[in-house]
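Presented below is the structure to which this report refers.
Shown next, in the form of structure tokens:
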């Protein structure tokens, strides 16, 4: 596996904004459920979960824990009401989409069972977001592959960095927490 620095850049952004989003998300969870932010931790286990499984936080509920992926879009003019999942990188590195697609259907790996998408304005104030089961999100997205037509779920290139993202409206997910 080659190293190109993509992880370090993504890690820094998610760690910073997880501190903003997670307290707000926790205020909407029920039954004493709580997301614990792990990206800022230096412990080896937290770093392994993030680097290899894409887990940015841990959801603690009842006597169980599950991984959470955090996607934050800053400097947003509005809550776009969509999940965005990195589909391709200009560097050619493996993306969240290919990792999650592989992980969800494997029985022997850690992956983020939940996905959180949030939008922040220029002052890093929350505009809106959503929280859902990662498998529910991918069950909606995968039938649209190879994303050749612009439908409800489509590809969008970010011209500032050359990366391409899958865009999926929150409204396509049946079981979802909006905040």
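Residue numbers (my numbering): 3 to 181. Ideal placement from N, C-alpha and C gives every residue a C-beta, glycine not left out.
Cβ-based burial, residue i [other Cβ within 10 Å; buried from 16]
i	result
residue 150	exposed
residue 170	buried
residue 59	buried
residue 93	exposed
residue 39	buried
residue 24	buried
residue 44	exposed
residue 81	buried
residue 108	exposed
residue 46	exposed
residue 125	exposed
Closest by C-alpha distance to residue i, when choosing among the options
i	options	result
residue 172	84, 97 and 96	84
residue 134	86, 126 and 75	86
residue 154	101, 168 and 80	168
residue 72	20, 30 and 122	20
residue 32	49, 47 and 64	64
residue 76	175, 152, 22 and 164	22
residue 112	26, 28, 30 and 48	48
residue 144	164, 175, 127 and 28	175
residue 55	126, 99 and 26	99
residue 74	142, 118 and 96	118
First through last residue of the beta strand (DSSP E) which encompasses residue i
i	result
residue 175	Per DSSP, residue 175 belongs to no beta strand (DSSP E) and is neither H nor E.
residue 111	Note, residue 111: premise wrong, no beta strand (DSSP E); not H, not E.
residue 90	84 to 90
Delimiting residues of the alpha helix (DSSP H) encompassing residue i
i	result
residue 142	136 to 143
residue 78	Residue 78 -> no alpha helix (DSSP H), and no H or E assigned at all.
residue 55	46 to 55
Beta-carbon contacts of residue i that lie in its chain and below 6 angstroms, excluding the five residues immediately before and after
i	result
residue 180	132
residue 51	57
residue 137	106
residue 166	89, 90, 157 and 159
Sheet register partners of residue i (DSSP bridge)
i	result
residue 131	120
residue 66	63
residue 72	118
residue 157	168
residue 37	61
Own chain residues within Cβ distance below 7 angstroms of residue i, not counting five before or after
i	result
residue 4	Bear in mind that a pLDDT of 37 at residue 4, under 50, signals an unreliable position, so the number given afterwards is only what the model happens to contain. The answer is none, since no qualifying residue turns up.
residue 78	121, 122, 123 and 129
residue 115	68, 69, 135 and 136
residue 177	134, 135 and 138
residue 26	128 and 181
Close beta carbons around residue i, own chain, < 8 angstroms, minus the five adjacent residues each side
i	result
residue 140	102, 103 and 106
residue 30	133, 179 and 181
residue 6	Model confidence at residue 6 stands at a pLDDT of 46, short of 50, so the residue's coordinates are unreliable; what they give is reported in the following sentence. If we look at residue 6 and ignore the five residues flanking it on each side, its Cβ neighbours are 93 and 95.
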